[in-house]
Each structure stands twice: as C-alpha cells, then as structure tokens.
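Residue numbers (the working numbering): 207 to 331. Beta carbons: idealized from backbone N, C-alpha and C, even for Gly. Given the structure is predicted, the values throughout are model-derived calculations rather than measurements.
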Amino acid sequence: MRRLFSVACLSLLAACATQAPRKYIVFFSNQSAELDQAGQDVVAQVAQEADKHPSRVVRVEGYAGAGKDLSADAWVAIQRAKAVTAKLQEDGVPSNRIVQTPRAPSNMEGMVVGARRVEIELTSP
Numbered sequence: 207m208r209r210l211f212s213v214a215c216l217s218l219l220a221a222c223a224t225q226a227p228r229k230y231i232v233f234f235s236n237q238s239a240e241l242d243q244a245g246q247d248v249v250a251q252v253a254q255e256a257d258k259h260p261s262r263v264v265r266v267e268g269y270a271g272a273g274k275d276l277s278a279d280a281w282v283a284i285q286r287a288k289a290v291t292a293k294l295q296e297d298g299v300p301s302n303r304i305v306q307t308p309r310a311p312s313n314m315e316g317m318v319v320g321a322r323r324v325e326i327e328l329t330s331p
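Here it is, written out as structure tokens:
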C-alpha cells in the first residue's frame, strides 16, 4: 500500500511539473515587419530558452490585421514571421528547429494592436 501511495504521489508531482508551453509575443508597428528593441529582447529570451531545451521545436506564427488589400496584409504576416525567424537564427537557434507559419489577416473587435504580432512557442516535437 505504501508503494502504491508513493507511486501515486510521484505521478502527481510529475503532472504538476509538466507545464503548457509559454507563448512569447512580439508586437510590430502598423504595416511593419521591422523588429524594434523590445521585440529583439523577446526573441533573445526565446533563443536562450531554446538553448536550454534542445529537443523542443520553436514555432513562429505571424499575424496581421485585415485591411483593404488582403494580399498585402498576408505578405506583412509572412514578413513578420520571417523577421523573427531570422533573429532567432542570428541568436543561435538552428533553422531545423524553427517552424514558421503565417496566419490569415483578421480584425477581431478589440484586436487592432493584437493583430500586429508574432507568437513564439517552444513545443515538443
């Protein structure tokens, strides 16, 4: 009975130690794909975390708001993801660990600034 209790406690502790991946957010100016200093700092932090967890994949998702020209907006989302990916590589993350995905432009109510972002996440392969 003690063994069963010990195993149950260890399993519970292991479950508590497993956390959902943290999302890192990089914001951009309107219609810009240029990383400012704050964005560079976030990417550098992700690169450090990626170095600590070499088995994890770095997922980069680019977003843009939807304006009158959706193809231009989609291009901005792609360029934002590329800018973050390039900075991650510059900061030492190997390209084979980075998965880059642009997202379709959208304008959800209250998300004007939030649409101008890149989300970065370290996930299990």
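For Leu333, count the other beta carbons within 10 Å of its own beta carbon; 16 or more makes it buried, fewer makes it exposed. Which is it?
Residue 333 lies beyond the range of the chain shown here (207 to 331); nothing can be said about it.
Going by beta carbon distance, what residues of the same chain come within less than 6 Å of Ala352, once the five residues before and after it are set aside?
No information on residue 352 is available, as it lies outside the stretch 207 to 331 that the chain covers here.
Between the segment 291-308 and the segment 240-256, can you find at least three pairs of beta-carbon atoms closer than 8 Å?
yes
Residues in its own chain within less than 8 Å of Gln246 by CB, not counting five upstream and five downstream?
Lys293
Using C-beta distances below 8 Å, list every residue in its chain close to Val263, excluding the 5 sequence neighbours before and after it, in chain order.
Arg303, Ile304, Val305, Leu328, Thr329, Ser330 and Pro331
Could you tell me which uninterrupted beta strand (DSSP E) segments, each at least 3 residues in length, are contained entirely in the segment 238-295, listed from first to last along the chain?
263-268
Please report the straight-line C-alpha distance between Val324 and Glu267, rounded to a whole angstrom.
5 Å
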